[in-house]
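In the numbering used here, the protein residues as written are 4 to 207.
Ideal placement from N, C-alpha and C gives every residue a C-beta, glycine not left out.
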């Protein structure tokens with residue numbers, strides 16, 4: 004894979020929670036070190052012990068002032084302040100399945116759909132991929148409708164499907180990008196499906 008976006012994922016994605024070496028649990032002011040999925044014995048006093056296990060939920064929620072969505076617990080969204088009232092959240096699997104959300108607090112991001120799509124497919128076009136774009140919409144469970152474009156990039160070996168959509172409030176809004184490979188895993192497909200089923204946006 005030689006896509007620009009894949010390289011971006013490698014450098015931007017935060018370390019997943021399951022890779023964290025230690026966690027600290029504080030009880031009545033005393034700290035205890037814990038590891039995920041490993042039972043620990045906490046001695047509270049000479050006569051009292053607790054056996055505890057810290058586990059990661061299979062699906063967890065990510066929430067900001069303007070967006071909310073569920074995602075696999077073993078992946079951690081990376082949120083970045085891009086400046087000028089723009090905040091970017093990126094979630095990606097090891098295979099390169101991607102969700103990227105840009106929150107705009109001072110302007111409508113709808114005019115950036117074509118620009119974003121062009122940047123995402125530029126290297127593929129240069130490498131001989133066939134890129135087909137079409138209009139698309141995505142209706143959220145809460146009723147909001149995102150409008151944008153569906154893009155399919157194909158070569159002899161690969162096929163990638165992307166959506167670039169926007170939702171606008173008053174001089175604000177969100178730009179949403181999803182990317183998945185045709186031969187992606189069931190887990191990656193579920194990641195995208197869960198995202199769309201649970202995504203909530205709040206721009207007034």
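DSSP lists 140 and 169 as the bridge partner or partners of residue 150.
With respect to the C-alpha of residue 114, the residue from 179, 81 and 60 having the closest C-alpha is 179. Per DSSP, residue 34 is one residue of the beta strand (DSSP E) stretching across 33-37.
For residue 200, the secondary structure class from DSSP, reduced to helix, strand or coil, is helix. A distance of 9 Å or more separates the beta carbons of residue 26 and residue 45. The beta carbon of residue 132 is closer than 6 Å to those of 156 and 158 in its chain, skipping five residues each way along the sequence. Note that the C-beta distance between residue 203 and residue 154 is not below 9 Å. One thing to note: residue 152 has its Cβ within 9 Å of the Cβ of residue 166.
Taken through DSSP and simplified to helix, strand or coil, residue 117 comes out as helix. Residue 78 carries a coil assignment under DSSP once its states are collapsed to helix, strand and coil. Ranking 174, 120, 85 and 161 by CA distance to the CA of residue 186 puts 161 first.
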